[in-house]
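See structure below.
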């Protein structure tokens, strides 16, 4: 007798719709198995043949953390290309490398946690390198292109499943897990949500990751916006993955909930489907979920909703249909096409900021001095893969101009460190192989340890030697690195010894940075990573709590002297300056200033003094400001983000004129720190932030970038019909080289009833034109592009009237303009008799911040720091008259109400503090008002105002 083959379960049947298959598999899972699925590392269910699954694979500009891979320019550099077609190809290449790497290493995941679509609102944000732009339209366009490439074009099966980061209003590392972003409704809908919404609506993403911060007093991991907004934008199941450790933060640092069971239940009910916490160990999350179930805080149906969304992603990735997965056999890794694409992306990311006297491009026989701390570097950031290929600016220029025409001076200060006993620090010789940190890949590179196979530093015991000469760099704020002659940086491993062991500064906690602290007649050397001072012991140099050594710093050569020497002998001096992505501005650390570090300013001034033909190339993850005294004397300035493996070749080709630069700055470059709002001020409207509202004079405006060609614009026409505005114009290359131009179209309401952007990007296109060639460009703008969020009605509204259409090469370089008149919906006064006033729906405010009305939903307003806040609500219609006002408040303090800036009509004071911030009470007072008035409310003291009502 032959045993019958068991029937194929429906979840294995590729002929059935995914929804039915998920229903079947979900019904087969036990409660314990469902609970296990909620951790990032979901275990296998062997009885059903379901494999283990991991959410999360970093791939921001190439596959990160998992060893060698193609490294593309940083995200902000991809944003600077303004080229969706290019970025789409980058996403396509990255997703193919994800698949190829997974085929040989199953630690590589297919649920890709990229891209970052947080808007680059504030240039001091430490993670500026991860975003695309300060503008929501440009950000969503680039993000949609990248995620479309990551997803692949198969209608059923996805190559990877991208997750957008970080939901929502997240632009500060300072106190990032405890600070709250106060986001008024207009900013929420017109700015922060837009970058996510347009990409989700495009159908190219599998989910989002909530951010560490709070928004309006409520942690993003329990945000009602996940349900109220995100999940309404698509019919697809979206997987919401927590950020690492954020579920525990709800109790441990934010103290928003008393127990982890409450916090876990609240997160799951808000829409978090996968919990990234406690590394690979899911037992803690499993225990918390089980505790929430036992306490009645969750039901199995709640778990089903989360598990369903995870399974939806896994089915789309082809996990359950290996024979039908069109991506299963992809082996495209480090291909010639990917290398060429990395170079093309790096070339397109270069922005020419200034070119007085057409100093650039350089003639082929130019004698070039290449100087600066970044001149011979190819820097990686926290979300980079390991380089397979590497090109520094110096290497690129050697290759392009010939080594005999290029002289190099790094500009480091060359120093020796002498102890109080007269001995010098010394790096012993070591016969060990080179080792690149992270070359083998790591699920969590924060856990990678420093090298201990090299001998620690020693001193010359006799005091007769001169010790080792170190290359010292001051990266700003007194943060130093010290490099040995063999190229290795001084670093401290877990055993506390100081070694010349690191190929670059890096790691979650950087172990290669120091600070010199004046002490008596010398300096203490503080190791920043451990917070301990360097001491000298019989068994080597180490960091210790006690016995700090006092060093004398001996300058062998100052960097500016070497720079001046080579600059003076050259036709042109190129200063390559910028940042190290792991120092003074990175994840966990915001910058403190826009200024170039003093060490690099010294080098720039030395080069400029020695050679008037000095070019500044900024290789940096964010904008800088340039000292006004330096700017006029610099004929040419370029900027590029850290450009990945082909950065040096790309920069050299642009300098030589092989490629005409056409990158555009994706965010405003401000003139000075004083132009910036407070880092935690998220009200881009009220504090006039970004190019949309900034009223000062920028150093370089949004969209700025020059070319080696010239591009006149002409023949602008516009018409409004069939629910859209159609715009056409021409661009011609009148130069003598083939070049790209980025044509930009902005809109502006000419007579708005509320503050609107000075101009707002509506569309753009990057086009390649040969000399004499003309492009006819056309754009169709939906009428929704002209809407704003009307707080009086709680929705978007198209205001009738005239709108300017502005066409040009940047937000300030406008070449053509015309006006269209649109028929919209006239403003209506607020119907306060019927609806009252939600406190957060103000038109203007000062001194207040928005907080959570309850832990689950709603907003309230409170005076910042318990002081005083002023709120204004325009055009409130009291009809035939009201006789009473009521306020819904919690806390302690008073509410004062007046009309049209007149005297106080009512003061409503809490007789005693309520029992808690969510214990609201209603207070009432008599007033007399009729007709339409502006309502002004003053809040005094630490109270929360949720709602104002009127009756009578």
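Residue numbers (the working numbering): 305 to 1256.
Here a beta-carbon is modelled for each residue, glycine too, at the ideal position from N, C-alpha and C.
Bear in mind the structure is a predicted one, so any value in this text is a computation, not a measurement.
Sub-7 Å separation of residue i and residue j beta-carbons
i, j, result
"residue 892", "residue 477", "yes"
"residue 388", "residue 449", "yes"
"residue 1198", "residue 1240", "no"
"residue 464", "residue 499", "no"
"residue 452", "residue 371", "no"
"residue 638", "residue 692", "yes"
"residue 923", "residue 882", "yes"
"residue 325", "residue 352", "no"
"residue 1041", "residue 1012", "yes"
"residue 1085", "residue 1079", "no"
"residue 843", "residue 428", "no"
"residue 719", "residue 958", "no"
Contact set for residue i: own chain, Cβ-Cβ below 8 Å, skip 5 residues either direction
i, result
"residue 1060", "1052, 1053, 1092"
"residue 1144", "488, 489, 520, 1154, 1163, 1164, 1165"
"residue 1158", "1222"
"residue 276", "This structure does not reach residue 276, given that the chain is present from 305 up to 1256, and the question cannot be answered."
"residue 939", "658, 659, 660, 661, 663, 916, 917, 918, 919"
Nearest-angstrom Cα separation, counted from residue j out to residue i
i, j, result
"residue 744", "residue 412", "12 Å"
"residue 384", "residue 790", "36 Å"
"residue 610", "residue 647", "41 Å"
"residue 322", "residue 434", "34 Å"
"residue 793", "residue 942", "29 Å"
"residue 1039", "residue 401", "39 Å"
"residue 989", "residue 868", "46 Å"
"residue 832", "residue 818", "5 Å"
"residue 1097", "residue 501", "21 Å"
"residue 800", "residue 873", "45 Å"
"residue 1148", "residue 668", "58 Å"
"residue 380", "residue 651", "14 Å"
"residue 507", "residue 907", "49 Å"
"residue 547", "residue 927", "27 Å"
"residue 538", "residue 504", "7 Å"
"residue 1146", "residue 627", "57 Å"
"residue 1030", "residue 1169", "49 Å"
"residue 555", "residue 564", "6 Å"
Neighbourhood of residue i by C-beta, 6 Å cutoff - its chain only, sequence neighbours within 5 removed
i, result
"residue 875", "670, 671"
"residue 903", "778"
"residue 1210", "1189, 1201, 1229, 1231"
"residue 721", "729, 855"
"residue 550", "516, 525"
"residue 1173", "1151, 1152, 1167, 1243"
"residue 890", "430"
"residue 634", "400, 403, 404"
"residue 837", "828, 830, 852"
"residue 1236", "1133, 1179, 1181"
"residue 686", "891"
"residue 886", "809, 810, 814"
Beta-ladder partner(s) of residue i, from DSSP
i, result
"residue 370", "According to DSSP, which records beta bridges pairwise, residue 370 is partnered with nothing at all."
"residue 846", "801, 839"
"residue 513", "469"
"residue 1180", "1134, 1237"
"residue 821", "828"
"residue 1093", "1100"
"residue 389", "Paired residues: none, contrary to the question."
"residue 793", "787, 806"
"residue 415", "359, 465"
Same chain only: Cβ atoms within 7 Å of residue i, ignoring 5 sequence neighbours per side
i, result
"residue 717", "776, 859, 862, 863"
"residue 456", "399, 462, 463, 631"
"residue 1102", "1087, 1090, 1091, 1126, 1128, 1129"
"residue 781", "888, 896"
Integer-rounded CB distance, given that residue j should sit under 8 Å from residue i
i, j, result
"residue 1183", "residue 1137", "5 Å"
"residue 617", "residue 510", "5 Å"
"residue 835", "residue 798", "With 8 Å as the limit, residue 835 and residue 798 do not qualify as a contact, their Cβ atoms being about 15 Å apart."
"residue 757", "residue 736", "6 Å"
"residue 974", "residue 929", "6 Å"
"residue 656", "residue 980", "Not really, about 25 Å apart at Cβ, beyond 8 Å."
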